[in-house]
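The block underneath contains the structure these notes are about, expressed in structure tokens.
Protein chains: 2
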Amino acid sequence: METDLQEKLTNLLGREKVFLKKDARFAEEEFLSYGIDRTKLYQANFQVLLFPESTEDVAKILSFAYQHDLAIVPSGGRTGYAGGAVAHQDEIVVSLAKMDAVLKFDALLGAITVQGGMITQNLHQEVEDKGFYFPVDFAATGSSHIAGNLATNAGGVRVVRFGPIRNWVLGMKVVTGTGEVLSFNGEILKNNTGYDLKQLFIGSEGTLGIITEVTLKLTQKPKDSRVLFLALPDYAKILQVFQETHAFPLPVLTYEFLSEVCIQKVCHHLGVTHPFAAASPYYVLLEFEITHDSDEDELFRFLESITEKEMIEDGSIAQNSTQAEVFWKYREGISESLSLLHTVHKNDISLPLANMEAFITAMQALLQEKYPDFSFALFGHIGDGNLHLNILKPSDMLDEDFFATCKKVDPDMFQLIQKYDGSISAEHGIGLLKKDFLGFSREKVEIQIMKEIKRAFDPKNILNPGKIFD
Amino acid sequence: METDLQEKLTNLLGREKVFLKKDARFAEEEFLSYGIDRTKLYQANFQVLLFPESTEDVAKILSFAYQHDLAIVPSGGRTGYAGGAVAHQDEIVVSLAKMDAVLKFDALLGAITVQGGMITQNLHQEVEDKGFYFPVDFAATGSSHIAGNLATNAGGVRVVRFGPIRNWVLGMKVVTGTGEVLSFNGEILKNNTGYDLKQLFIGSEGTLGIITEVTLKLTQKPKDSRVLFLALPDYAKILQVFQETHAFPLPVLTYEFLSEVCIQKVCHHLGVTHPFAAASPYYVLLEFEITHDSDEDELFRFLESITEKEMIEDGSIAQNSTQAEVFWKYREGISESLSLLHTVHKNDISLPLANMEAFITAMQALLQEKYPDFSFALFGHIGDGNLHLNILKPSDMLDEDFFATCKKVDPDMFQLIQKYDGSISAEHGIGLLKKDFLGFSREKVEIQIMKEIKRAFDPKNILNPGKIFD
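One line per chain: the protein sequences are E and P, in this order. Under our numbering, think of the first position of the first sequence as 1073, with each following residue one higher. Under our numbering, think of the first position of the second sequence as 1073, with each following residue one higher.
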């Protein structure tokens, strides 16, 4: 970016909000970290990092960018896995890190309005202090921003009970690619006055506008819960047990699954023992909400019933919260264990539950045939049809060879996903990583319409250009 | 529409799917009823009525219409209150009445795929027979089509617990204004691959495409419930009691309110006695979900607590389902009683709960000052901030004078709604009725963007032209 523009921008916003790479007010590594996410596949390359403090600041920035044809990368908590927050072409990086205030709390409705840069975990704390609960929860909440959660329609471990974040968004304020500020809804639950434009921003990965303020509906925290850890002989049984929960009177809070490989890696990395006397191919972590003492008896009856029906090989109910935490460790420790023990190629996909077994069988056959050296670790939010599929690098293979091969594996896998009516990205989005493969999940006409919609909000294509599609 | 085009269309679809006004295969009144809704303010005027039986039929129709520049009005159950389904300019009316089949049921996920013309009540029955529950419920479910529910983002009496229909839509198939068929999602819960275009169709009132197939997520029916009928001294108390429910352990299924005028009209029309010993200005119908016997004690404690805090003047818990039905009659009988006893001008609006009291006070003052002869009846889904505001015609006024005056009242009211950050249409949509007032709820830039979005799906503006905006 040209020096005179950098100067103009500094004058526009004030020096405390404008960081230039050449100024070295940050160490270079820290500076550049604002332009990458967790994919680690891309190199950051940019000169200007901005820290707006208000919607007005963001509007100033985007008006300036519109006027001067400057590309923008919105930067949140950078916990993404698709390269959506990567600045690699001398874009201006706009970090919302300083926009983390609570703007309004509505105790009547049960709603909160915050700036987009609020860290998800802080939001959880804020609302719990006020006697409410915000149910969107996942591993990265300690860093992720609420606007980033929206920009990727974050899911997590409670979707099976509370739905994705989309269901909790009442209103938002956004700044479009022309610098205009749009306010959608606010604290009203119902508003049928034309197209619900805010829905487009949910999952838009920063390509339509910068989400500066968000109003979220809140709910009540589940009173109590019990965690069951189940060992299952095959994939079909995972779904059978899930189906059993539909008729069961207690609400399911989470229905997560993990394969034996995942357990082994967690045991190895965390130095814990195997949770079951004998290994099984698959495990399910099932959490039920309970409200009354008598619910405990219901739980035992449930466990008895699935045991009698031979759906599980083993299973136990956590007797207290400490044991529940121990159970959860096997699920929550997976990502960290895999990535510290191995070089991993991740895929986050979803399938109709009814097609899941056929897909996994076909996927195993595909890998076995074409890439016999690769092993893979499966886990995910199975109640949502969401698989995290991790391919592990063989130890005698070079990283670059591995990733090059994975690049060839992906289209084969995506073809299978398409065949089984699934999605090539369940939660993580498209970003840079999957844009070449968007056609496996979206039709040509749809992509064309998406581009026209982008043009309506961002006529000069300055907002996160090259993300999702070119 | 020209005769040769009518002939071509008959050849294209077959005579059994094409009804021409001049054929008189329907009585004229029945024929024309396919081109109006419940507003009764508009006259139907059209020559051609089509009954497609499949998505392919609809695609044929819209391709033909696109090719020949013919305007289309999608016709569902015609239970709308905004003129969204009115054909008054010689449009082709496309009724989905014959597209009412169940296409697929997924017991694993708990989901059903149906054709868009399925009647909502039939869908309820279908899924209940299969051990599931579809929670979107409102007075017109006996006639309304599921695609129509989507096209208006239907709400109803369970929104406070289950959210609007938007939260239950997994997938849909639509035909756009060029005759192209788009399939969104299907049986997957999570799909973050670019903009979620199906969200635009929810609430689009037939202006972006015809929704031919819908996949809905299902849930479990509340095990049991108890209904409380409360009498309150003022508006503030309605909100205070609502706030009390947040911390209360049982889930709220409905939180409806009605004014004394409504009760009087229901008593008069249905010939029932007043439900309370003394009249109060406002009443609340509050339904809690219960799952355990001990919940009954909780309910009594709740009633005791709000009585002690002097939030209510009177209140009782229905002792059995018969009494609960009696309580519900006072709420469900309002619309019918009002419209049979009076000429009514309806408005369906929403406000932030926190602004509701100030709005109602201001609204009363406005009517008192400018239209002292008008009385009004208030009721609605107050837990959602949704008011149904009914202005009653003075008995000595002519209908046309009344409606002409109401046309002048509306902008004043909409201005107040705008001032208090509300919406001029909570559930009913914009249609023809409120399109001149869209600017009170949506900014100019937004309306411009909506038009660009419409162009992307419907480049020739043949889909329900003139609805929502010109």
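Think of the CB as a built atom: it goes at the ideal place given N, C-alpha and C, for glycine as much as any other residue.
- Going by DSSP, MET1485 (chain P) is part of the alpha helix (DSSP H) stretching over 1471-1491.
- Contact check between the segment 1282-1299 of chain P and the segment 1526-1538 of chain E: fewer than three CB pairs, one atom from each, fall below 8 Å, which does not count as touching.
- Bounds of the beta strand (DSSP E) holding ASP1178 (chain E) are 1174-1178.
- Residue-level contact check: PRO1424 (chain P) touches chain E, since one or more beta carbons of chain E fall below 8 Å from its beta carbon.
- With respect to chain E, the C-beta atom of ILE1133 (chain P) has no partner C-beta closer than 8 Å.
- For the segment 1426-1452 of chain P, residues whose beta-carbon sits nearer than 9 Å to a beta-carbon of chain E comprise ALA1426, ASN1427, MET1428.
- The three-state secondary structure of PHE1451 (chain P), taken from DSSP, is strand.
- Counting C-beta atoms within 10 angstroms of its own C-beta, ALA1212 (chain P) has 16 or more neighbours from the protein chains shown and is therefore classed as buried.
- Taking 8 Å as the upper bound for CB-CB distance, LYS1539 (chain E) and GLU1277 (chain E) are in contact here, some 5 Å apart.
- DSSP links GLY1243 (chain E) through a beta bridge to E:THR1287.
- Here DSSP, grouped into helix, strand and coil, assigns GLY1494 (chain E) to coil.
- Annotation: GLU1385 (chain P) is outside any beta strand (DSSP E) and is labelled neither H nor E by DSSP.
- Sequence-ordered contacts of the segment 1213-1224 of chain P with chain E read THR1224 [C-beta pairs closer than 7 Å].
- Residues of the same chain with a CB within less than 8 Å of the CB of ILE1335 (chain P), apart from the 5 flanking positions on each side, are HIS1346, PRO1347, ALA1351, TYR1355, TYR1402 in chain order.
- Residue range 1324-1331 is occupied by the beta strand (DSSP E) that includes LEU1325 (chain E), with no alpha helix (DSSP H) assigned at that position.
- Annotation: LYS1089 (chain P) to PHE1123 (chain P) spans about 5 Å, alpha carbon to alpha carbon.
- For a Cβ distance threshold of 7 Å, residue set LYS1262 of chain P lies close to ASN1458 (chain E), ordered along the chain.
- For ALA1131 (chain P), the enclosing alpha helix (DSSP H) stretches over residues 1127-1140.
- Rounded to the nearest whole angstrom, the CA to CA distance from THR1127 (chain P) to PRO1531 (chain P) is 20 Å.
- Between ALA1303 (chain E) and the set E:SER1135, E:PHE1529, E:SER1388, the nearest pair of CA atoms involves E:SER1388.
- Between SER1497 (chain E) and ASP1420 (chain E), the gap from beta carbon to beta carbon is short of 8 Å.
- With 16 or more other Cβ atoms inside 10 Å of its own Cβ, GLY1243 (chain P) counts as buried.
- For ILE1540 (chain E), at least one C-beta of chain P is nearer than 8 Å to its own C-beta.
- Residue P:GLU1259 holds the alpha-carbon nearest to the alpha-carbon of ASP1493 (chain E) among P:GLN1193, P:GLU1259, P:ASN1117.
- If you check each beta-carbon in the segment 1140-1168 of chain E against every beta-carbon of chain P, none falls closer than 7 Å.
- In chain order, LEU1242, GLU1259, THR1287, LEU1288, LYS1289, LEU1290 place their CB closer than 7 Å to the CB of ALA1183 (chain E), counting only its own chain and leaving out the 5 sequence neighbours on each side.
- It is roughly 13 Å from the alpha-carbon of GLU1380 (chain P) to the alpha-carbon of LYS1309 (chain P).
- The beta carbons of TYR1327 (chain E) and GLU1429 (chain E) sit about 16 Å from each other, so the pair does not count as a contact at 8 Å.
- Sequence-distant Cβ neighbours of GLU1163 (chain P) in its own chain, meaning closer than 7 Å and more than five residues away, are PHE1118, ALA1143, ILE1144, VAL1145.
- Neighbours of HIS1196 (chain E) in chain P, taken as residues at a C-beta separation under 7 Å, are lacking, since the least C-beta distance is about 17 Å.
- Per DSSP, LYS1418 (chain P) is one residue of the beta strand (DSSP E) stretching across 1416-1422.
- Using beta-carbon distances, GLU1370 (chain P) does not count as an interface residue toward chain E, since no partner is under 8 Å.
- About 23 Å separates the Cβ atoms of LYS1337 (chain P) and LEU1423 (chain P), ruling out a contact at the 8 Å cut-off.
- ALA1183 (chain E) has E:ASP1178, E:LYS1289 as its beta-bridge partners, per DSSP.
- The Cβ atoms of LEU1254 (chain E) and GLU1518 (chain P) sit closer than 8 Å to each other.
- Listed along chain P is no residue with a C-beta nearer than 9 Å to that of LEU1325 (chain E); the closest approach is about 14 Å.
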